[in-house]
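First to last, the sequence lines map onto chains A and B. If you read the first sequence in full-length UniProt numbering, its first letter stands for residue 1, the second for the next number, and so on. If you read the second sequence in full-length UniProt numbering, its first letter stands for residue 1, the second for the next number, and so on. Quick reminder that beta carbons are idealized off the backbone N, C-alpha and C, glycines included. Following: one structure in structure tokens, then a few remarks.
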Amino acid sequence: MDMSEEVLQQASPGLIPGSGTARAAKATRLSPSFISWLQAGPMMLVFLAFFLIPLVFVVIVSFWDYNEYQLLPAFSGRGYTDTFEGCVAQLPDLCTIGKTYVKTLKLCFMVWAITLFIGFWVAYFLAFHVKSKTWQMGLSLLCTIPFWTSNVIRMIAWIPLLGRNGLVNSGLIKTGLINHPLEWLLFSEFSVVLALVHLFTFFMVVPIFNSMVRIDKSLIEAAYDAGASGFQTLVNVIIPLAKPGIVIGSIFVITIVMGDFITIGVMGGQQIAAAGKIIETRVNALQFPAAAANAVILLAITFLIITMMSRIVDIKKEL
Amino acid sequence: MKEGRPRSFYVLAIFFAAYVLFLYGPMIAIYVLSFQGPQGGLTFPMNGVSTFWIAKLFQGTGIVDLGAAFRRSLLLGVIVMIATVVLSVAAGMAFRRKFKAQSILFYSAIASLIVPSIITSLGISLEFRIIDDLVKAHWNENFETSMGLLTSGLGAHLTWTLPFGLLIMFAIFNRFDPRLEEAARDLGATPWQTFRHVVLPIILPSVIGIGLFGFTLSWDELARSSQAIGAVNTLPLDLQGLTTTVTNPDIYALGTVISAVSFAVITLALGTIHMLNKRQAAKGSDAGKGLV
């Protein structure tokens, strides 16, 4: 926060000559730190009750025991051992959980790479090529509106296009390119990646656009005057300065895809295993400690990726 | 810089147009298909044009009570919207000066945004299960559950909407001129008067933006609702349930109706923001208009 704002906030009205009314004096009785608590407290309480304590419960319950129909609050590693069942015996082959995570990471990487590519160029176009502020606002809004519509609707929207008798298949058959409808278009890894890109490129565009509009245009002019080609300007000036946005966007996309189970469920025809899906399956079977154990593993891996990413960026910065 | 548009402009303009088409194309397809004739199926070509499937929604499809889910989602959305606006504005004001636990609150908000939704949702459901077990063991054996739309469900939605609200508040106060408050204080306004008559009217357009985010994020929320909502379903949950058994265009009709509500809210909010901005530009300052 800005320092001058703080100073202004703390200058109490009672100190200003001529305004020492009874009401102003009454207002000074509340100390600034008390007012801060009053203002920020409710939000803090919501996060405490519905985010921080639940996370603690996830970790605790992951070490509890369970039977077919209830939680047993006694220490047990069963949630974890059930998850990694047969993993050591099967080495060097991957066990189910290992394969699931490899698949999740693969999906995650593909979606990340595609959303980054699309998001970068869309943001670049909006930030550098659209000169008028009104147009910039209007076109950004155009990209934002679909984000405000239910994800499930945006998923099922692909059915009439990609289905067996969908527009793509019937179009391809009519033009004689194929004889039989392509089966891999829908309820496949392809459709999962397509839907995820469709849903979440927005999370890449916004932060990258935000860091790009802050780039001082004279820096680009300077690069141009110093004889840099368009490509050199892009690599040496724009990308390094847009990096915070790129990292924030990447973190959003990666954490969403790592935990996703709805898109993968609906677009994969409930056939593709993924990290988030394991948790859902365990919950549906009322195996809460196992679900919690998987949540802890997923959380650990997600944070590992985020930490690694922020490291990579910092290392590059220092070089 | 060169005058005129470089070639890259045209390449990227086409790329951008393709992206927008990719964004809207499939959605437009289902909006059109929800007006299939009574004999129509899930794909093109259209088999007649009618409002048959939309009308069928409101008669009740038999599988789920969509009317009740609609009212529940609406109720939850409105409460989430109000709570998001009030809590975000208050916390945003608090962040303008240093206070203890400031960084805890900030990192909680960021973490809440990036921890996968299924984990938050599972955590809330575990928390309420443990509360239920405690109540059953110590106070009332016949107690059913404390989970519900306006307890665990409301909390789950707020963990998703509040971070957005807080970040928007940061953006607002980055552009806010604190000299306006100083002037109000110099004129003898109390802190509440300063907020009510100076700060609030200036930030009001963006505050409506926070409300818009709060409502639509809750209205469309799925991942966090999935485990934490209790026995009842919201509209998106019903819609997700329908995707596994879908054979008729009524699912598209439902999608169209949900989108229509979202778009109506967005339009209403943007219209209000526009009107407020205009009003502010016209009446906000009397500079240059003479004193009498």
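Query                                                                                                                   : Result
Three or more C-beta pairs below 8 Å linking the region 101-118 of chain B and the region 249-260 of chain A            : yes
Of the residues M110/A, G276/A and I246/A, the one placed nearest V122/A, counting alpha carbons only                   : I246/A
Residues of its chain near G153/B, where Cβ-Cβ distance is below 7 Å and the 5 sequence neighbours each way are ignored : L76, S225, A228, I229 and G230
L72/A (DSSP reduced to helix, strand or coil)                                                                           : strand
Interface flag, D220/B vs chain A, CB-CB below 7 Å                                                                      : yes
Terminal residues of the alpha helix (DSSP H) in which D82/A lies                                                       : R78 to T83
Residue-chain proximity (Q271/A, chain B), Cβ-Cβ < 7 Å                                                                  : no
The region 87-107 of chain B: positions lying closer than 8 Å to chain A by Cβ                                          : L87, S88, A90, A91, M93, A94, F95, R96, R97, K98, F99, K100, A101, Q102, I104 and L105
Where the alpha helix (DSSP H) through D238/B begins and ends                                                           : L235 to T243
Of the listed residues F203/A, K133/A and H180/A, nearest to F164/B (C-alpha basis)                                     : F203/A
Beta-bridge pairing of Q36/B - partner residues as DSSP gives them                                                      : V49/B
Which of helix, strand or coil DSSP assigns to W112/A                                                                   : helix
Of the listed residues F263/B, T234/B, R71/B and T43/B, nearest to I30/B (C-alpha basis)                                : T43/B
Residue(s) in a DSSP beta bridge with W64/A                                                                             : F75/A
Members of the region 162-177 of chain A that neighbour chain B once the beta carbon cut-off is set at 8 Å              : G163, N165, G166, L167 and S170
Contact check, V61/A vs F200/A, beta carbons under 7 Å                                                                  : no
I14/B - DSSP class collapsed to helix/strand/coil                                                                       : helix
Integer-rounded CB distance, given that I156/A should sit under 8 Å from I251/B                                         : 6 Å
Close Cβ partners of I305/A (< 7 Å) along its chain, the five nearest in sequence each way excluded                     : I254
N- and C-terminal bounds of the alpha helix (DSSP H) containing S250/A                                                  : I239 to G259
C-beta neighbour in chain A for residue 295/B, strict 7 Å                                                               : With chain B covering only 1 through 292, there is no way to say anything about residue 295/B.
Partners in chain A for I266/B, counting only beta-carbon separations shorter than 8 Å                                  : I145 and W148
Under 7 Å by beta carbon: chain B residues contacting P160/A                                                            : A29, I30, L33, L42, T43 and F44
CB contact check: L55/A to chain B, cutoff 7 Å                                                                          : yes
L186/A in three-state terms, based on DSSP                                                                              : coil
Residue from N210/A, I215/A, S229/A and M267/A whose Cα sits closest to the Cα of I248/A                                : N210/A
Which of helix, strand or coil DSSP assigns to S259/B                                                                   : helix
Rounded straight-line distance, which links the Cα of Q36/B to that of A94/B                                            : 53 Å
Candidates F16/B, V207/B and F15/B, of which the one nearest A83/B by Cα                                                : V207/B
First and last residue of the uninterrupted alpha helix (DSSP H) at C87/A                                               : C87 to Q90
Short CB-CB distance (under 7 Å) between T81/A and chain B                                                              : no
Contact list for the region 278-299 of chain A against chain B, Cβ threshold 8 Å                                        : I279, E280, V283, F288, A291, A292, A295, L298 and L299
S166/A, buried or exposed, once every other Cβ within 10 Å from all chains shown has been counted against 16            : Note that residue 166/A is Gly in the sequence shown, not Ser. G166/A is buried by the Cβ-count criterion.
Chain B within 7 Å of V59/A, Cβ atoms only                                                                              : no
Beta-carbon spacing of G119/A, I208/A below 7 Å                                                                         : yes
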